[in-house]
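The opening position of the sequence shown corresponds to residue 0 in numbering that gives the first Met the number 0, with each subsequent residue numbered one higher.
Notes follow once the structure below has been shown.
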Amino acid sequence: MKKIEAIIRLSCFDKVRDALGKIGVNFFTLKDVKGFGLQKGKTYVYRGSVYDEDYIARLQLDILTTDESADEIVRVIVEAARTGKVGDGKITVLDVAQVTRIRTGENASAAI
Ligand SMILES: Nc1ncnc2c1ncn2[C@@H]1O[C@H](COP(=O)(O)OP(=O)(O)OP(=O)(O)O)[C@@H](O)[C@H]1O
Ligand SMILES: [Mg+2]
Numbered sequence: 000m001k002k003i004e005a006i007i008r009l010s011c012f013d014k015v016r017d018a019l020g021k022i023g024v025n026f027f028t029l030k031d032v033k034g035f036g037l038q039k040g041k042t043y044v045y046r047g048s049v050y051d052e053d054y055i056a057r058l059q060l061d062i063l064t065t066d067e068s069a070d071e072i073v074r075v076i077v078e079a080a081r082t083g084k085v086g087d088g089k090i091t092v093l094d095v096a097q098v099t100r101i102r103t104g105e106n107a108s109a110a111i
């Protein structure tokens, strides 16, 4: 099993959610996140205010899935979340030791 952690722009969320829904992925955890990427310290000006390109709020989607589905999910997120500009985000795929559905006690892929 895998856990996919995808940091994306807020503005891409609807597109990513719809694209994931089309491949049957309607489950995820959402977190508000902030951070820095490669361009730490680089700023841009929007309507007279100075913003740090990396330190704008983003969303993190956490998705638990099977080994077989992980690559497709990553592909779909990349396609839906890419604008081509710096700051599009990052996706991490982690190995997961165990998943348990609390209601049924099911484990592993039966719990996904
Ligand atoms: N190496 C990293 N470790 C942890 N979090 C990261 C890392 N790189 C990026 N992030 C997180 O992802 C967010 C978006 O990163 P960003 O898309 O700017 O990555 P990048 O590597 O700088 O790529 P780009 O050059 O396209 O901007 C950051 O604000 C931060 O929260
Ligand atoms: Mg960056």
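Virtual Cβ for every residue (Gly too), placed ideally from N, Cα, C.
Are there 16 or more other CB atoms within 10 angstroms of the CB of residue 58, so buried, or fewer, so exposed? Answer is buried; the Cβ neighbour count reaches 16.
Here's the rule I'm using: 16 or more other beta-carbon atoms within 10 Å means buried, otherwise exposed. How should residue 33 be labelled? In this structure residue 33 is exposed. Its beta-carbon is surrounded by fewer than 16 other beta-carbon atoms within 10 angstroms.
Roughly how many whole angstroms lie between the Cα atoms of residue 23 and residue 87? 24 Å
Residue 5 (DSSP reduced to helix, strand or coil): strand
So what's residue 112 in DSSP terms, helix, strand or just coil? No answer is possible for residue 112: the residues shown for the chain start at 0 and end at 111.
Could you check whether the segment 12-19 touches the segment 100-109, counting it as contact only if at least three pairs of C-beta atoms, one from each stretch, sit closer than 8 Å? With a cut-off of 8 Å on Cβ pairs, the segment 12-19 is not in contact with the segment 100-109, counting fewer than three such pairs.
In this structure, what does DSSP give as the bridge partners for residue 48? 45
Quick check: does the Cβ of residue 38 come within less than 8 Å of any heavy atom belonging to ligand 2? yes
Alpha-carbon to alpha-carbon, residue 62 and residue 111: 10 Å
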